[in-house]
Structures are given as structure tokens and as C-alpha cells.
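Numbered by this note's numbering, the letters in the sequence shown go through residues 123 to 448 in order. All remarks here apply to the structure that follows.
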Amino acid sequence: MPLHAVDYIDVFGPASLSNLGPGFDALGLCVSGIGDMVRARRTDGPGVQLRHEPGAVPLEALQDSEKNTAVIAARGVLDLLGADGGIELTLTKGIPLGSGIGGSAASAVAGAWAANMLFGRPLEKEALVEAVLEAEDIASGGRHGDNALPALLGGLILVSSSNAARYRRIELPDSLHIALILPNVQVLTRQARAMLPDRVSLQDAVGNASELAFLVDAYRCGDWETVGQCMMRDRLVEPVRASLVPCYHAVRNAALEAGAFGCALTGSGPAMFALAPSAEEAASIRGAMVEASLSERVEARGLVAEVNDAGVVDRMEQRARVRQPA
Ligand code: HSE
Numbered sequence: 123m124p125l126h127a128v129d130y131i132d133v134f135g136p137a138s139l140s141n142l143g144p145g146f147d148a149l150g151l152c153v154s155g156i157g158d159m160v161r162a163r164r165t166d167g168p169g170v171q172l173r174h175e176p177g178a179v180p181l182e183a184l185q186d187s188e189k190n191t192a193v194i195a196a197r198g199v200l201d202l203l204g205a206d207g208g209i210e211l212t213l214t215k216g217i218p219l220g221s222g223i224g225g226s227a228a229s230a231v232a233g234a235w236a237a238n239m240l241f242g243r244p245l246e247k248e249a250l251v252e253a254v255l256e257a258e259d260i261a262s263g264g265r266h267g268d269n270a271l272p273a274l275l276g277g278l279i280l281v282s283s284s285n286a287a288r289y290r291r292i293e294l295p296d297s298l299h300i301a302l303i304l305p306n307v308q309v310l311t312r313q314a315r316a317m318l319p320d321r322v323s324l325q326d327a328v329g330n331a332s333e334l335a336f337l338v339d340a341y342r343c344g345d346w347e348t349v350g351q352c353m354m355r356d357r358l359v360e361p362v363r364a365s366l367v368p369c370y371h372a373v374r375n376a377a378l379e380a381g382a383f384g385c386a387l388t389g390s391g392p393a394m395f396a397l398a399p400s401a402e403e404a405a406s407i408r409g410a411m412v413e414a415s416l417s418e419r420v421e422a423r424g425l426v427a428e429v430n431d432a433g434v435v436d437r438m439e440q441r442a443r444v445r446q447p448a
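So this is what it looks like as C-alpha cells:
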């Protein structure tokens, strides 16, 4: 239901894990604990202006507002609304650039939701899908929704690779404990996409299709052991991209030795995630992954995360969720 327009709004765009093993461009998961913040104000002039606050990303890396996904998505929403007047966005990046956990998607959903909220929330999240996909396309060279849709809607999302606006939410029956590391290596999605082969063998394509089907079913059933096995059986993309992450094999082995169900790259990397049997084990697996990365002389930041079912939220909604846990 439309609300009153407000003068300013704070919005949090969460991080997301994508591909999840064999689900290239098809599967993504919204996670807690890290994301981008946008504060938006209405302006009298038209269009979207951008300011930055210091965050995880050096400001000089963010100056090109024409390629900024928060700006592009917010502009898309203003066009949808036929809005009178414009907005100013102040972006605080919590997600490092080129880290593999959906930084451009987090900014896009925050910009889109902020624009919608400023004008009284006339649109539901589902109506913002096109605006965030367009932003992702301009930023990374592909209209893939496996980061943008989970970041917008929350949870685990299956996306059609031929039409990213066609998607389905997979309900998870139980909590999922995730260890995540961000090695200090930058991998640009655009380049990591360009290095993939145009053609693959029928045997590998069939292998991936089968693993992805088992993976989705295992997520739906909460069979984390099978999820762990399937997430390590991508034959098409991860074997190619592993070469971009010098600590890849050491981190993967360390996660498994520390008790993870499975470990894989997220998105185009370098971030890697592992699934753990409990929150405590996720913390020790994270420690083992960071240490393994350091042993390869790659500094890394480790995190423990859970599934974020909410997706993008404005500050008022976030406070209400904290007061009334589900
Ligand atoms: N599915 C995308 C890729 C996610 O792996 O290139 C990166 O944003």
C-alpha cells in the first residue's frame, strides 16, 4: 500500500552469494552481516546525484556515477514512477569492489528501494526487478540476476538464464551456517566472464545440469551434506576461474578438513564460502580458511553469515524486524 513520501531514507542493500557451484547465473543466496548503505534525499532538480561516504571501497574507485549501479537503478525507478523532482544518493560501500559477493547488486537494490521509498513506496519489490537487472547489466556486462534478485528479495533464488526476470524462491526448511572469506585479490566480473569458453562438452553440460538439479532439491529438503557435495561439482565455470584466486585450493582443502560440508567460489570470486553444520563450526571453519589463505600469502577477511530472508530493507523496516523477530 502506498505510504506518504518522506524527505530522506536510509536503506541497506545486502551481500549475496551467487552460482553456488554448478548454478552459473542461475542460483543466488542473500546473506546477512555485510552490505552497502544508501541515504537518499529528494531534490528539486531532476535526475540522480551521487555522493560517497568512506566505506570498504576507496572513494576514487567510485567516481564514475554513470556506471554506478545505485544511480542506474534509482534512475530506472524514477522513470517507472514518472517522478516529479530528483534525488541525491549518499552511498557507503560495505562490500569491497570485485569481491564476488554481489557488491554492484547490493548498491543497485539499495538505490532502487531508496527511490521507491522516497516517493511513498508505490511499487512492491517485484516491480523493481527490471531496474536492478538493467543496472547489473551496465556494470558487469551481463543481465544475470543471481546476485541482484536475492539482494532484492532475500533468501535463495533460482533465476532463468535465458530471462533473468523469470525467477523462483526456494524456501529453506532449516538454518544454514556459512563461513565466508574475502581474499585480498580483486576479480572484475566483466573479465571473469570474458575468460569463460563459448562452448563446452555435452558431457560437462549434462553433468552440470544434473548436479544443479540435485543441488536445488537438496537445498529445498535441507539436506546440507548433499548441498555440500553438489556445490563442489561445477565442471564449467569454477575450474576456469580457480586460476584467478591464488589461495583457492588451500582454502578449499582447509574448509573441508575443518568439517565443512562443501566449499566453493561465490560469483566470479575471489570470495569463497563454505557450509558448516553449526554456527560454532562455521566460526572455526572461517578461521581455517583465513589461515590457509595467509599461508598462500594472500590476506583475507573472514566472516560468518546466515541466510538473509529479507533482502533490501529500509532503516525503519530493519528496526521493526529487530523489535519483532519472526
Ligand atoms: N553469475 C555471475 C558470474 C555472478 O559468475 O559471472 C557475478 O556477478
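Just so it is clear, CB atoms sit at the ideal spot from N, CA and C, and this is done for glycine as well.
Extent of the continuous beta strand (DSSP E) to which residue i belongs
| i | result |
| --- | --- |
| Val426 | 422-427 |
| Met317 | No beta strand (DSSP E) holds Met317; DSSP gives it neither H nor E. |
| Val153 | 149-165 |
| Asp206 | No beta strand (DSSP E) contains Asp206, which DSSP labels as neither H nor E. |
| Phe134 | 130-140 |
| Gly143 | Neither: Gly143 is in no beta strand (DSSP E) and is coded neither H nor E. |
| Phe395 | 394-398 |
| Gly384 | 384-387 |
| Val434 | Per DSSP, Val434 belongs to no beta strand (DSSP E) and is neither H nor E. |
Beta-carbon gap between residue i and residue j smaller than 8 Å
| i | j | result |
| --- | --- | --- |
| Ala410 | Glu379 | yes |
| Leu358 | Val322 | yes |
| Glu333 | Arg355 | yes |
| Ala301 | Ala228 | no |
| Ser198 | Thr165 | A small fix is needed here, since residue 198 is Gly in this sequence, not Ser. Not in contact: Gly198 and Thr165 (Cβ atoms no closer than 8 Å). |
| Ala437 | Gly424 | Reading off the sequence, residue 437 comes out as Arg, not Ala. The answer is no: Cβ separation not under 8 Å. |
| Cys150 | Asp268 | The question names Cys, but residue 150 in the sequence shown is Gly. In this structure, Asp268 lies closer than 8 Å to Gly150 by Cβ. |
| Ala196 | Gly135 | no |
| Asn306 | Ala137 | no |
| Ala286 | Val231 | no |
| Gly263 | Arg342 | no |
| Pro217 | Ile156 | Contrary to the premise, residue 217 reads as Ile rather than Pro in this sequence. A contact, by the Cβ cut-off of 8 Å. |
| Ala261 | Thr191 | yes |
| His299 | Ala401 | yes |
| Arg161 | Asp201 | no |
| Leu172 | Val153 | no |
| Ser253 | Val434 | The sequence as given places Ala at residue 253; Ser does not occur at that position. Cβ atoms of Ala253 and Val434: not closer than 8 Å. |
| Leu304 | Gly344 | no |
| Gly381 | Glu403 | yes |
| Ala335 | Thr348 | no |
| Leu240 | Val128 | yes |
| Met394 | Val373 | yes |
| Val429 | Pro392 | no |
| Trp235 | Leu250 | yes |
| Ala377 | Ala396 | yes |
| Cys369 | Val420 | yes |
Residue range of the alpha helix (DSSP H) that includes residue i
| i | result |
| --- | --- |
| Val451 | Residue 451 falls outside the range modelled here, since the chain spans only 123 to 448, and no answer is possible. |
Heavy atom of the ligand NAD within 7 Å of residue i beta-carbon
| i | result |
| --- | --- |
| Asp259 | Although the ligand NAD was asked about, the structure shown includes only the ligand HSE as ligands. |
Which runs of the alpha helix (DSSP H) spanning at least 4 residues fall entirely within the region 299-379, listed in chain order? 311-316, 324-343, 346-352, 360-363, 370-379
Continuous beta strand (DSSP E) assignments of at least 3 residues falling wholly in the region 248-300: 278-281, 289-292
Residue ranges of each alpha helix (DSSP H) within the region 220-251, 4 or longer: 225-240
Would the region 305-313 and the region 215-222 be scored as touching if the rule is three or more Cβ pairs under 8 Å? yes
Below 8 Å, how does it come out for the region 230-246 and the region 411-419: are there three or more Cβ pairs, yes or no? no
Check whether the region 133-149 touches the region 272-291, taking contact to mean three or more Cβ pairs, one atom from each stretch, closer than 8 Å. Contact between the region 133-149 and the region 272-291 is present, because at least three Cβ pairs lie under 8 Å.
Determine contact between the region 209-217 and the region 382-396, defined as no fewer than three beta-carbon pairs at a distance below 8 Å. no
For the structure I just gave you, are there three or more beta carbon pairs, one from the region 346-354 and one from the region 285-292, closer than 8 Å? no
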